[in-house]
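In what follows, a single structure is set out as structure tokens and then discussed.
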Amino acid sequence: MDEYIDIVTSKGEPTGKSALKSEAHKNGWYHNTIHLWLYTTGGDILLQQRSHKKLIYPLLWDVSVAGHIDTGETFIEAALRETEEEIGLQLQPKSLQKIGIRLYESSYKDDTIQDNEFHQIYIAELNTQLNQLIPQEDEVEALKLVSIDLFKDLLKNSKTNNHFIATNSSYYTFVLEAIKKRL
833 MDEYIDIVTS KGEPTGKSAL KSEAHKNGWY HNTIHLWLYT TGGDILLQQR
883 SHKKLIYPLL WDVSVAGHID TGETFIEAAL RETEEEIGLQ LQPKSLQKIG
933 IRLYESSYKD DTIQDNEFHQ IYIAELNTQL NQLIPQEDEV EALKLVSIDL
983 FKDLLKNSKT NNHFIATNSS YYTFVLEAIK KRL
């Protein structure tokens, strides 16, 4: 889906301009996205397998919920909306805890897509059973819970196991450390 998103500077400051997501990616304009990582009190982390229909990294495992922030939408509003859309889970704003911002700059598809995103990163406790979540067909291939130890093992071997996006190793480690502090 091609929605309107707010454009920011390379430092993450608002420009007051908005554009279609496709135009932002075509032109390399900086913009914000949300990333929400869900975890259980038992130390499991919810992973989402990207749909086989995705242009970028299809079928790889990644963040529990992620998405672009619609024009005029707050980060929290976007996180709540994306969570309900992608996995059918309704959360309350107070359940989200921001853990940081990470700039992600990358080119795909022979440089036809230049992705310059500021990931607004949140974590929240998952209080719903895995079988009660409803994956959005066009976005999510599958969902699973993995222990922190299994997550680390998969990450350590991500260059050969085709599980995670191997170049995101430091990002995943940052998130793991933040979740471990909450347990």
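The numbering used here puts the first residue of the sequence shown at 833, with every later residue one more than the last.
We put the CB at the ideal spot given by N, CA and C, even for glycine.
As the structure is a computational prediction, the values presented were derived from the model and not from experiment.
{"Asked": "Find the nearest neighbour of P967 within the set S896, Y954, I837 and Y836, judged by alpha-carbon distance.", "Found": "S896"}
{"Asked": "Give me the Cα-Cα distance between L870 and G899, rounded to the nearest whole angstrom.", "Found": "15 Å"}
{"Asked": "Which residue or residues does DSSP assign as beta-bridge partners of H884?", "Found": "None, per the DSSP bridge assignment."}
{"Asked": "In three-state DSSP terms, what is K843?", "Found": "coil"}
{"Asked": "I955 by DSSP, collapsed to three states: which one?", "Found": "strand"}
{"Asked": "Given a cut-off of 7 Å, decide if Y836 and N948 are closer than it, judged by their beta-carbon atoms.", "Found": "no"}
{"Asked": "Rounded to a whole number of angstroms, what is the C-alpha to C-alpha distance between L921 and H884?", "Found": "22 Å"}
{"Asked": "Between K853, F996, E845 and D894, which lies nearest to E971 when the distance is taken from Cα to Cα?", "Found": "D894"}
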